[in-house]
Every structure is written in structure tokens, then in C-alpha cells.
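Structure below.
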């Protein structure tokens, strides 16, 4: 074979290889959100967080209102997560963000868990289950509530936050300290500005005692969806950005998976 034929053969070989290279794009990552109403759609930041990811369809918000670290599993919702992890071959990595605490607190029949004997065990088991199925567990401390007393923001979630921090350290997994970030930000902005993050406008007249079960009832007025736990569109955008920035810091390899600021 002469030089001209060799050159032609090489060109044909390269031309044939190019399409095959183009047919094998990098696998996307997948993110699964597990938690309560402060992460769930319509009442939390989860959907807004998913919208920040380059391929938002690879982010699944499975958080559900009213669920605790115990009831989420007891209802069979965790089974869905495990099923998704078993079918993870199409993804480069699957990150499972897990946030509980609000409904683990006392006084919530069917949901509350014991802070010392149940909650730590539950959180550890979630982490170990994800690891066992090849996923990457990411613990998220619970979003702060936005109730002030004498201009000081309350943080009655701190004992649960401490357990999550300890679990992340013991299990050597990433921690997104949303509670610390959100507490500092809400304290700095003050009560009036914090109330604009709610799911509905604050009624003109209400009493703190009326803030119960996510509702405000004012004498002679219609019920309101205003409360100081859940968030509307403004709050979802605000806190989802916090979670994104925490994830970029804790898991630098995910930084390129989020949309540019101009597209968010």
C-alpha cells in the first residue's frame, strides 16, 4: 500500500471513530431530596433547589410534609429511594440529601422520635443504607424556623441539629449546615423581613398564640397560610441558594452541576 492509500485509510478510520466518541457523553449526576415540608414542593425549598441544577430532571424531590426520620421510613417512602439507588447505572453519581428534625420534635403523635434513642439511630441508618447501595449520602441540618422573641430568633431545633452534625462526623459524610446558615441570615434580617419569606403575607392583625399548625387565625378574618416555618417563592429561592452554596463547598465536584448565576 502506497503513502496515499495509507493516508486515506487513516482518514477513514478517524472519520469512523468520531461518531462513536460523540455517542458517549458523560453520564449526569442525580440528586434525590428526602425530608419534610420545609424541603417539599409547595411549602419548602426543594423544587427551587432542583431548578438550579443544570439538568433539573435529574433532581427528584421526594420530601413530604409532616414526615419525620421515623415516619418517612415507616410509610414506605424510603423504599422508593432504595429502588432508585438500585437503578443508578445511568448516572455518574447519586447524591441523597437527607433533612429531618422538625417533625421529630415532641408533641406530634405518629411522627415524634426520641432524641436520644431513636433519632440518631434513624439518621445513621439512612446514611448506611445509601452507602450500601452505592449512593452518596449528604446530611442537611433542618431549616430554621423564623419566630423571634424580643428580637432574638429562637432555635428550638438545635438539639436535633447537634445530632445530625455528630452523625455526619461519625459516618464521614458531607454535611450541609443549613440550620446555621439560615439562622444567622434570618437573625440578621429581623422579623419583618423574615416574614416576607413565608408562604403567604402576614395578616395585619394576629397574635403569636394564633400561629399553630401552619395557620394564622384572626378574629373576624379569613384563615391565612402565613406561618414562620414554611416558605413561599421568595423564601424557597433564598434558602435553596444557601443549600446550593453549601453543597458546592462540601462537595466541590458538584460545583459545575449548577446553572450559571445569570440562568438561575
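Numbering (mature numbering (1 follows the signal peptide of the UniProt record, and there is no 0)), first residue to last: -21 to -1, 1 to 243.
Backbone N, C-alpha and C define an ideal beta-carbon position, used for all residues, glycine too.
When rounded, the separation of the alpha-carbon atoms in residue 43 and residue 98 is 18 angstroms. In the structure shown, residue 210 adopts coil according to DSSP, grouped into three states. When secondary structure is reduced to three states using DSSP, residue 128 falls in the strand class. In the three-state scheme derived from DSSP, where H, G and I count as helix and E and B as strand, residue 175 is classed as coil. Inclusion of residue 82 and residue 120 in the CB contact set at 8 angstroms is not warranted, their separation being larger than that value.
Straight across, the Cα-Cα distance linking residue 178 with residue 47 is about 21 angstroms.
8 angstroms or more divides the Cβ of residue 31 from the Cβ of residue 213.
Listed as beta-bridge partners of residue 72 by DSSP are 8.
As summarised for the segment 28 to 112, the continuous beta strand (DSSP E) elements at least 3 residues long and confined to that stretch are 38 to 40, 72 to 78, given in chain order.
Rounded to whole angstroms, residue 162 and residue 134 show a C-alpha spacing of 8 angstroms. Cα atoms of residue 204 and residue 181: separation of roughly 9 angstroms, rounded to the nearest angstrom. Counting along the chain, residue 153 sits inside no alpha helix (DSSP H); it lies in the beta strand (DSSP E) bounded by residues 153 to 155.
Going by beta carbons, residue 222 and residue 24 fall inside the 8 angstroms limit. The beta-carbon distance between residue 77 and residue 118, rounded to whole angstroms, is 6 angstroms. This is short enough to meet the 8 angstroms contact definition. For residue 121, there is no enclosing beta strand (DSSP E), as DSSP marks it with neither H nor E. Minimum Cα-Cα distance from residue 169 among the listed residues 141, 156, 129, 155 corresponds to 129. In this model, residue 154 and residue 115 are separated by some 12 angstroms (Cα to Cα). Assignment of residue 21 by DSSP, reduced to helix, strand and coil, places it in the coil class. When rounded, the separation of the alpha-carbon atoms in residue 166 and residue 132 is 6 angstroms. In the structure shown, residue 235 adopts helical secondary structure according to DSSP, grouped into three states. Of the other Cβ atoms in all chains shown, 16 or more fall within 10 Å of the Cβ of residue 225; this residue is therefore buried. Residue 144: member of the alpha helix (DSSP H) spanning 137 to 150, first to last residue.
Annotated three-state conformation of residue 203 is strand, per DSSP.
Assignment of residue 169 by DSSP, reduced to helix, strand and coil, places it in the helix class. As computed with DSSP, residue 13 is found in a beta bridge with 77. In this model, residue 60 and residue 11 are separated by some 8 angstroms (Cα to Cα).
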